[in-house]
Ligand SMILES: Cc1cc2nc3c(=O)[nH]c(=O)nc-3n(C[C@H](O)[C@H](O)[C@H](O)COP(=O)(O)O)c2cc1C
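Numbering (my numbering), first residue to last: 1023 to 1282.
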C-alpha cells in the first residue's frame, strides 16, 4: 500500500518536472520572438504618430526612413551612441529602471508621476528628400488613473506643432480614459501647438470642449468625457516631457541647428 503511494508520488513528481521543463524551455525559446513583437508594435506606433504608417509595407522598410538618436539629458545633447547601448533596440523605459542608467526625479518636479527618468532618451528624426528635418517623434509617458500611459508624439519641423499622438500601452478604462486611443480624439491634436509665445508649455487637455474662438484654442484639446483624471494625466505628461526636465532644451538646440 505504502509502496504504491510512494510510486504514485514519484510518478506525479516526474510528470511535474517534465511539464515545468517543457513550459520553461518554451518560454525561453519564445522570449526573442516576444521581444521582437514588442519592438515592432512600438515601431508601428512611432510610424503612426508620424503619420507615415503603411500596412502594406514591412515595418523594417518603413523604419529605414527614420533616424534614431539618443538624447543625453544631462548635457541636453543629441548623440549617436553611448557605452553598450544598441540604438536600434534601445528602450528608454527599460533603462529608466536599470541601475546606473536613470536619475530619480525630485517629487516636486515629477508632475507626470514617473519617479525616474532615463539618462538617455530617444528621438526619431524624419527628413525630407532634401535632407531637411521634417518631423521628430518623441517618447512620452505619465500616470493616468489606473497606471502609466506610454506613447509617442510627433512634431513638425517647427518643433512645436503636433503632427500625431499614439499610445502603445495604458491601463485606462475602455470607453472612459481608454478613449485616448480613439482616432477622432487623436485627430484633435494635429495642428495644435505645445509652446506658447514665451516658450513655456501651454498645451492642455481641457475639461469640456475647446472654444475655437479662444486665443488659447491652438494649445487645447477637448477633455475625454467621464475621464477627467486621465485627461489631466495626459496634460501633465506633456508638461513634464516638454518642460525643463524633458525635451525643451534639446528641442531648442535642434531648432537652432535647423535654422542654420
Ligand atoms: C469603473 C470606473 C472606471 C473609471 N475609469 C476612469 C478612467 O479610466 N479615467 C478617468 O479619468 N476616470 C475614470 N473613472 C471616473 C473617475 O473615477 C472620476 O469620476 C472621473 O475621472 C471624473 O471625471 P468627470 O469629471 O469627467 O466625470 C472611472 C470610474 C469608474 C467607476
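Quick reminder that beta carbons are idealized off the backbone N, C-alpha and C, glycines included.
Using 8 Å for Cβ pairs, my map puts residue i next to residue j. What's the rounded Cβ distance?
i, j, result
"residue 1127", "residue 1138", "6 Å"
"residue 1310", "residue 1201", "Because the chain spans 1023 through 1282 in this model, residue 1310 falls outside it and cannot be assessed."
"residue 1225", "residue 1208", "So it is not a contact: roughly 14 Å between Cβ atoms."
"residue 1272", "residue 1093", "5 Å"
"residue 1232", "residue 1244", "6 Å"
"residue 1143", "residue 1161", "7 Å"
"residue 1088", "residue 1075", "In fact, because the Cβ distance is near 11 Å, the residues do not count as touching under 8 Å."
Buried or exposed for residue i, going by 16 or more other Cβ atoms inside 10 Å?
i, result
"residue 1260", "buried"
"residue 1036", "exposed"
"residue 1104", "exposed"
"residue 1056", "exposed"
"residue 1141", "buried"
Taking the alpha carbon of residue i as the point to measure from, which residue in the options has its own alpha carbon closest?
i, options, result
"residue 1270", "1096, 1054, 1031 and 1071", "1096"
"residue 1170", "1161, 1192, 1246 and 1264", "1192"
"residue 1205", "1274, 1121 and 1070", "1070"
"residue 1199", "1174, 1093, 1168 and 1228", "1168"
"residue 1195", "1178, 1166 and 1089", "1166"
"residue 1285", "1142, 1151 and 1264", "Any question about residue 1285 goes unanswered here, given that the chain covers just 1023 to 1282."
"residue 1179", "1203, 1150 and 1109", "1150"
"residue 1222", "1067, 1268, 1174 and 1245", "1268"
"residue 1090", "1077, 1112 and 1081", "1112"
At what residues does the beta strand (DSSP E) containing residue i begin and finish?
i, result
"residue 1256", "Run containing residue 1256: none in the beta strand (DSSP E); it sits in the alpha helix (DSSP H), 1250-1263."
"residue 1189", "1184-1191"
"residue 1157", "1155-1165"
"residue 1245", "Where residue 1245 is concerned, there is no enclosing beta strand (DSSP E), given that its DSSP letter is neither H nor E."
"residue 1170", "1170-1178"
Could you tell me the boundaries of the alpha helix (DSSP H) in which residue i lies?
i, result
"residue 1081", "1081-1085"
"residue 1205", "1205-1209"
My parser needs the beta strand (DSSP E) runs of 3 or more residues fully inside the region 1090-1141; what are they? 1099-1101, 1124-1126 and 1138-1140
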